[in-house]
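**Q**
2 protein chains.
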Amino acid sequence: MTVTELQCARNDVYATMCPCRDMLDLLANKWSALAIGALEDGALRNGELKRRLEGISPKVLSQTLKRLEAHGLVTRTVYAEVPSRVEYALTELGQSAAVPLKHLRDWVEGNA
Amino acid sequence: MTVTELQCARNDVYATMCPCRDMLDLLANKWSALAIGALEDGALRNGELKRRLEGISPKVLSQTLKRLEAHGLVTRTVYAEVPSRVEYALTELGQSAAVPLKHLRDWVEGNA
DNA sequence: AATCCATGGTATCTCAAAGATACCTGATGA
DNA sequence: TCATCAGGTATCTTTGAGATACCATGGATT
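Top to bottom, those sequences are chains A and B.
Just so you know, our numbering puts 101 at position 101 of the first sequence, and the rest follows in order with no gaps.
Every position in the second sequence, counted from 1, becomes a number in our numbering once 112 is added.
#1: L202 (chain B): beta carbon under 7 angstroms from a heavy atom of the ligand SAH?
#2: Quick check on the DSSP output: the alpha helix (DSSP H) that includes L26 (chain A) runs from which residue to which?
#3: Among the residues of its own chain, which have a CB less than 8 angstroms from the CB of R45 (chain A), if the five just before and after it don't count?
#4: Could you check the C-alpha separation between H183 (chain B) and A112 (chain A) for me, to the nearest Å?
#5: Less than 8 angstroms separating the beta-carbons of A209 (chain B) and L146 (chain B)?
#6: Going by DSSP, name the residue or residues bridged to V186 (chain B).
#7: Given this structure, state the Cα-to-Cα distance separating L136 (chain B) from V186 (chain B), to the nearest angstrom.
#8: List the DSSP bridge partners of L156 (chain B).
#9: What residue range does the alpha helix (DSSP H) around K37 (chain A) cover?
#10: Keeping to the same chain, check which residues put their C-beta closer than 6 angstroms to that of T189 (chain B); ignore five residues upstream and five downstream.
#11: Between the region 158-169 of chain B and chain A, which residues of the former have CB atoms less than 8 angstroms from a CB of the latter, in chain order?
#12: Taking 7 angstroms as the limit between beta carbons, can you name the residues of its chain near T203 (chain B), skipping five residues before and five after?
#13: For K162 (chain B), which residues from the same chain have a beta carbon less than 8 angstroms from its beta carbon, with the 5 sequence-adjacent residues on both sides left out?
#14: Using a threshold of 8 angstroms, state whether the C-beta atoms of C20 (chain A) and N11 (chain A) are closer than that.
#15: So is D124 (chain A) in contact with chain B if we call contact Cβ pairs under 8 angstroms?
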């Protein structure tokens, strides 16, 4: 049993030491919420994501996708075609995270 | 009809010009999500909020509450007692926003 | 062949926000 | 009197967002 487990037996987003804080930080973020929403209906390429996430810079898009990939929410697949093609898609975990994020976006669109 | 309305007839979080982007930016934020959750069960004072939102600095707490107040999600009430007391509470809009945010926190605690 | 565009990025710079820390005012308590 | 608590503000550092430029590759255009 690690120190973290001792200090965070159950996941609690209100606890500083809880690793789930990282996940909250990742999802409670404008670009993550929009990116995951954009991928809800299927895989997309970098360029299409950039068009849908109006106003995002290439650097921030790249960072956001890498972070989502590192947390197991998104996969990045390079197709060995000519020219090569890169696709981003939600994992099962990502699809599951998409549900509460869609509720949040819907609330915002309905109440802003 | 304003320019904004022309460019954003319906609320669309994916549109740069849509004012609802501001609201998404506000709610899709770690501290906002935690603060609104903390206030779900009733008004709290600054000190109690600071204790519950482990790791938040006084400056960021103050800023977060001001931003939530400016967007009509939270009220700040100063009671003319001795010593004076300051309470923060959710507005009706804030209570309504608390619902999708709770789903998000629950997802994070269940899947992190 | 030379030019142009699209894709999928990286590199660099600036500036705003987060975070850490110190400090302040006013009241209460030992 | 000294220390403590509440509810902040002021200041500084560090981080991240955002804007912009650039690059390599591979068509398509002229």
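All residues carry an ideal CB built from backbone N, CA and C; glycine is no exception.
None of these values were measured; they are calculated from a predicted model.
**A** Answer, in terms of the structure:
#1: The ligand SAH is absent from the structure shown, which contains no ligands of any kind.
#2: Working through the first sequence from its first residue, we reach residue 26 (chain A) at position 26. Where L26 (chain A) is concerned, the enclosing alpha helix (DSSP H) stretches over 20-27.
#3: Sequence index remark: in the first sequence, residue 45 (chain A) carries index 45 (1-based). So the list reads R85, V86, E87, Y88, once near-sequence residues are dropped.
#4: For the purposes of this step, residue 183 (chain B) is taken as the residue at position 71 of the second sequence. For the purposes of this step, residue 112 (chain A) is taken as the residue at position 112 of the first sequence. Whole-angstrom Cα-Cα distance: 9 angstroms.
#5: Counting from 1 along the second sequence, the entry for residue 209 (chain B) is found at position 97. Counting from 1 along the second sequence, the entry for residue 146 (chain B) is found at position 34. With a cutoff of 8 angstroms on beta-carbon distance, A209 (chain B) and L146 (chain B) are scored as not near each other.
#6: By one-based count along the second sequence, residue 186 (chain B) stands at place 74. Per the DSSP secondary-structure output, V186 (chain B) pairs in a beta bridge with B:L202.
#7: Taking the second sequence and counting its residues from 1, one reaches residue 136 (chain B) at position 24. Taking the second sequence and counting its residues from 1, one reaches residue 186 (chain B) at position 74. Cα-Cα distance, rounded: 16 angstroms.
#8: The residue labelled residue 156 (chain B) in the question sits at position 44 within the second sequence. In the DSSP secondary-structure assignment, L156 (chain B) is bridged to B:Y200.
#9: In the first sequence, the residue the question calls residue 37 (chain A) occupies position 37. Sequence inspection shows Gly at residue 37 (chain A); the Lys mentioned does not correspond to that position. Counted as a single uninterrupted DSSP element, the alpha helix (DSSP H) harbouring G37 (chain A) occupies residues 30-38.
#10: Here residue 189 (chain B) corresponds to residue number 77 of the second sequence, with the count starting at 1. Excluding residues up to 5 positions away in sequence, E199 lie with their Cβ nearer than 6 angstroms to the Cβ of T189 (chain B) in the same chain.
#11: So the list reads R164, L165, E166, G167, given in the order they occur along the chain.
#12: Position 91 of the second sequence holds residue 203 (chain B). Counting only residues of its own chain and dropping the five nearest sequence neighbours on each side, T203 (chain B) has a CB closer than 7 angstroms to the CB of G184, L185, V186, T187.
#13: For this step, residue 162 (chain B) is matched to residue 50 along the second sequence. Hits under 8 angstroms: I168, P170, L173.
#14: The sequence position of residue 20 (chain A) within the first sequence is 20, counting from 1. The sequence position of residue 11 (chain A) within the first sequence is 11, counting from 1. Closer than 8 angstroms, so yes.
#15: There is simply no residue 124 (chain A) to check, as chain A begins at 1 and stops at 112 in what is shown.
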